[in-house]
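Encoded as structure tokens, the structure appears first; notes follow it.
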Amino acid sequence: MDSIIESAAKMDMGGGMAAKKNTCKISMLWNWYTIDSCFIARSWHVKSKGAFAGSCVGVFFLVVVSQWLHRFAREYDAALMSSKVRQYGDEDTKNDSVSTARSANGNPMLAAFSHKWFVTPKSLGGIYATPFEHLVRCVLFTLEWGLSYMIMLLFMYYNGYIIISCILGAFFGRLFFTYNEPLNCTTINDSLENDRKCCP
Numbered sequence: 610m611d612s613i614i615e616s617a618a619k620m621d622m623g624g625g626m627a628a629k630k631n632t633c634k635i636s637m638l639w640n641w642y643t644i645d646s647c648f649i650a651r652s653w654h655v656k657s658k659g660a661f662a663g664s665c666v667g668v669f670f671l672v673v674v675s676q677w678l679h680r681f682a683r684e685y686d687a688a689l690m691s692s693k694v695r696q697y698g699d700e701d702t703k704n705d706s707v708s709t710a711r712s713a714n715g716n717p718m719l720a721a722f723s724h725k726w727f728v729t730p731k732s733l734g735g736i737y738a739t740p741f742e743h744l745v746r747c748v749l750f751t752l753e754w755g756l757s758y759m760i761m762l763l764f765m766y767y768n769g770y771i772i773i774s775c776i777l778g779a780f781f782g783r784l785f786f787t788y789n790e791p792l793n794c795t796t797i798n799d800s801l802e803n804d805r806k807c808c809p
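Under the numbering used here, the letters of the sequence shown match residues 610 to 809, in that order.
This is how it looks when you write it as structure tokens:
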């Protein structure tokens, strides 16, 4: 009887140790956890050094992809603008300048709060995307915005290896996808770039 109780106690202790061993390691302070570290969801539970190395590589390429998506969205906007300019010429641009001048004559704050910009017909000026093109731009923006917040969440685990992977991904992604981008194009798109960042 004693041996049965002792065996049961050992099994309970073993089960408890196994459960404790498989618990996620999460810290709100800087750490270098590898095995049993968890990220984003329970399913992302690292149980081996190989899996952790794969996680670091995956995070690296996630940030690289975010940089590619950023350049892709800008190139799509630029190509769309060029196409519209060729299609409509400078007429819409002139109308847009007239519309802007009219807005500037009044109080800018009142003009913004009036929400006329929300209901102004397209014919009053400017170069506009079609509904489908606007939908594509919104999808690209949402993907880039979502990726930026996913990367931010990974940073908040304060894991040194993951943070280094993110930083390297940002560096090499920027290096690969902006090396041939004109400086004037970068300057013009600064405001759009800030819109897509979770932490400007």
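Even glycine gets a Cβ: it sits at the ideal position worked out from N, Cα and C.
First and last residue of the uninterrupted alpha helix (DSSP H) at residue i
i    : result
S723 : Where S723 is concerned, there is no enclosing alpha helix (DSSP H), given that its DSSP letter is neither H nor E.
S692 : K658 to Y697
Per DSSP, the bridge partner or partners of residue i
i    : result
N789 : Answer is none; N789 lacks a bridge partner.
K634 : S646
N716 : DSSP lists no partner for N716.
Pair within 9 Å by beta-carbon distance, residue i and residue j
i    : j    : result
G778 : W639 : no
I736 : Y697 : yes
F661 : T632 : no
V666 : S774 : yes
A682 : L744 : no
L689 : R746 : yes
F648 : I771 : yes
K693 : A721 : no
Residue i: first and last residue of the uninterrupted beta strand (DSSP E) it sits in
i    : result
W754 : First-last for W754: P740 to F764, but that is the alpha helix (DSSP H), not the beta strand (DSSP E).
W653 : A650 to H654
Nearest-angstrom Cβ-Cβ length linking residue i and residue j, presumed shorter than 8 Å
i    : j    : result
K599 : S646 : What the structure shows of the chain is the stretch from 610 to 809, and residue 599 is not part of that stretch, so it cannot be assessed.
F786 : R695 : Wrong, their Cβ atoms sit about 26 Å apart, outside the cutoff.
S664 : Y767 : Incorrect: roughly 15 Å between the Cβ atoms, too far for contact.
Would the segment 664-678 count as touching the segment 755-764 if we require 3 or more Cβ pairs under 8 Å? yes
Whether or not the segment 743-756 and the segment 674-684 are in contact is what I'm after, with contact meaning three or more pairs of Cβ atoms, one per stretch, closer than 8 Å; do they touch? yes
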